[in-house]
Structures are given as structure tokens and as C-alpha cells.
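Scroll down for the structure; my scribbles are underneath it.
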């Protein structure tokens, strides 16, 4: 799978930012899920947090069924935010560097109090409207990119594999249409 | 499980989340632009994020149950993540796909995006809560209505 095995020009086209930061990041995402699994037996997903957290403020039965797991799901999500913040304080701020890491050209980097934060250029209406559909779809569809995509596929679950193929195909079609309509960023 | 939890339960969940979130930041999957570039066939690197993560979990889910029966912190039997299949998987997956393709953001990546300083992502997180609430409200009402009509029969 290394660059030397396929034509360099094709590799450049398919992977203009290389593959190392993606692969290293992916292995760490999997490792995070495995650490939790080893200790607790839980194959965690990120989208259940949305409904389990709503159980704190709503008595609806769909949310109350997640009552037993709602506290650790908050801790899991805070861990994800904090882990990404550690990355931002180290690699993103240039405090630590590695040949496996490239800073990239997307979005906007801004200096705040000696650290570098990153901000998206994608328009708020896309984030908000897309977010609503993600909130509806992941919960009806029984999982998201982490639940179906990482833990479900890792479990060789047919349901998850079909789920991933569905949301990936529809997402590709949607993104292509949005691009063709000239919506950018 | 919530009655008497092992004292290391929450710290372990937090550490797992830290590694998970660090990986999402390092991989740039926390950046909607990078996801959109993948979906628009401009950079296929994201395949290695999802693929790499699934390989690691796949190895663990296949090997760990053979080595140990139960998880030390919960006493729960090691299993896999298996969910039943029905048309909701297709309907929900389709709706999620439209949202992911429009915004470039999914739940885990959105939390991580906040961590890298991207406060703009609060729009997406707010949207996810609105969407999750809307479907939960609707399904709760429908379940209640079905229970009542079943009781009347």
C-alpha cells in the first residue's frame, strides 16, 4: 500500500496530502474504542450521546431508555473534546512536530494566546441543516460513523456494513450535487 | 451497572475518549473540509481513518473474547456490536448521508472539532441535538399511541 507500489502520479492524485496522518489518526481512533472495550466490554458509538444527554432535560421515552448510560457518555464526549484539544495544543500549535503529520491547507488557523486554533470555512447554514439531518439519521439508522463505521464494521456486523454503504453512498451523491450547484465552501 | 461502578470505570472511559478525540484531530477528520474533499473525490486519505480504526477494533473484537470471558471493570461478557437489521437502517442511513454530505460532519468528529478550537461547529452540534430531539419526540409519541391502541383492542 506504500507510495512505491503504485505510480507516483496516481498516488499524488488520490492522496494529495499523503496517507500517514490519516492512517495514524485512524489507528488512534480505533485504539481509543479498544481501550474502552477492553476495560468495560462496551463497543461505544458517538451519536447515542445526543439522545442520552437529552434524557437530562426531557421525559420522552426514547431518551429515558438511555438513562443508565448517560453519565459515562457525557464523560466519553468530554474525553473526545479534550483529546482533540491536546492535539491542538501540541501538533496544531507546532509545539510538537512529526514527519507523520502535515498541517494541511483547509480552513483557517488563528493564534490565540500562544496556541493555534482551527476554524472551518464551511458556512453555518450547511453545518446547522446538515447537523439536523445527522441527528435524525444517525438515531433512526442505529448508528453513525463510529458506531456503525468503526465498531460495527470491526464486529463484521452485516447491519453495520449495509448502514455504512448506505450513508457513504448517499453522502458522496449529496456532496457531489452540492459541489455541482456551486455551493462553496 | 450504574449501582456500584468500579472506581476506574469513568477514568478509563475518559482516557479512551482522549485517544479517540486525539486521533480525530490528528487525522483531520475533525475538519469538515477534509471530509467534503473525500466525498467529492479530491482526497481519498479519509479511507485510512475509517479503515485503520475498523482494523484495530476488528482485531480486538475477534481476539479479546477468546482470551478473556469478562471485562474487568464491569464484569460484562465481551461481545461484538451487532444490531438488528430493518428498514430503519436504510432510512436513517440515507438521512444521515444527506446531512454528512451537506455539512461534512458526523457526531464524533463534531465533538473533536470543538476541541481543536472550531467554535463554528457549535452550529452543527446544535443541529444534531435538534434533529435527535425531533426524531425522539416523534418516535416516543408514536410508541405511546401504539401502546394505547393495542390496549384498547
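Protein chains in written order, with the numbering used here: chain V, 1 to 185; chain A, 1001 to 1153.
For glycine and all other residues, C-beta sits at the position ideal for the given N, C-alpha and C.
This structure is a prediction, so every number in the text was calculated from the model and none was measured.
| Any beta-carbon of chain V closer than 9 Å to the one on residue 1001 of chain A? | Looking up residue 1001 of chain A in the second chain gives position 1. Summary for residue 1001 of chain A: the model assigns pLDDT 47, below 50, so the residue's position carries little reliability, and this model does not support an answer.
| query | Which of helix, strand or coil does DSSP assign to residue 110 of chain V? | reply | Numbered from 1 along the first chain, position 110 holds the residue referred to as residue 110 of chain V. Note: residue 110 of chain V maps to strand in three-state DSSP.
| task | Could you run through the segment 86 to 112 of chain V and flag, in chain order, every residue whose CB is less than 8 Å away from some CB of chain A? | result | 86, 87, 88, 91, 92, 101, 104, 106, 107, 110, 112
| field | C-beta atoms of residue 1100 of chain A and residue 1039 of chain A nearer than 9 Å | value | If you number the second chain from 1, residue 1100 of chain A lands on position 100. If you number the second chain from 1, residue 1039 of chain A lands on position 39. Cβ atoms of residue 1100 of chain A and residue 1039 of chain A: closer than 9 Å.
| said: Restricting to Cα atoms, I'd like to know which of V/8, V/91, V/140 is closest to residue 1027 of chain A. | reply: Stepping through the second chain from its first residue, residue 1027 of chain A is reached at position 27. Per the Cα distances, V/91.
| Where residue 1001 of chain A and residue 74 of chain V are concerned, what is the direct C-alpha to C-alpha distance, given to the nearest angstrom? | Position 1 of the second chain holds residue 1001 of chain A. Position 74 of the first chain holds residue 74 of chain V. In this prediction, residue 1001 of chain A scores a pLDDT of 47, lower than 50, which makes its location untrustworthy; no coordinate-derived value is stated.
| said: So residue 133 of chain V and residue 1129 of chain A are supposed to be a Cβ contact under 8 Å. How far apart are they, rounded? | reply: For this step, residue 133 of chain V is matched to residue 133 along the first chain. For this step, residue 1129 of chain A is matched to residue 129 along the second chain. No, residue 133 of chain V and residue 1129 of chain A are not in contact; Cβ-Cβ is about 13 Å, not under 8 Å.
| task | Please list the partners that residue 50 of chain V has in chain A, where partner means a Cβ-to-Cβ separation under 7 Å. | result | What you label residue 50 of chain V is simply residue 50 of the first chain in a count that begins at 1. Near residue 50 of chain V (Cβ distances below 7 Å), the residues of chain A are 1107, 1128, 1129, 1132.
| task | Note down, in chain order, every chain A residue with its Cβ under 7 Å from the Cβ of residue 22 of chain V. | result | If you number the first chain from 1, residue 22 of chain V lands on position 22. Within chain A, the residues near residue 22 of chain V are 1027, 1045, 1046, 1048, 1049.
| Beta-carbon proximity list for residue 1124 of chain A, same chain, < 7 Å, skipping 5 on both sides | Reading the second chain from its first residue, position 124 is the one you call residue 1124 of chain A. Same-chain partners within the cutoff: 1103, 1105, 1110.
| Where in the segment 1030 to 1115 of chain A do unbroken runs of the alpha helix (DSSP H), each at least 4 residues long, occur, reported from the N-terminal end onward? | 1032 to 1039, 1046 to 1067, 1087 to 1103, 1107 to 1115
| field | Between the CA atoms of residue 182 of chain V and residue 29 of chain V - distance to the nearest angstrom | value | Stepping through the first chain from its first residue, residue 29 of chain V is reached at position 29. Stepping through the first chain from its first residue, residue 182 of chain V is reached at position 182. Near 33 Å, if we compare the C-alpha coordinates of residue 182 of chain V and residue 29 of chain V.
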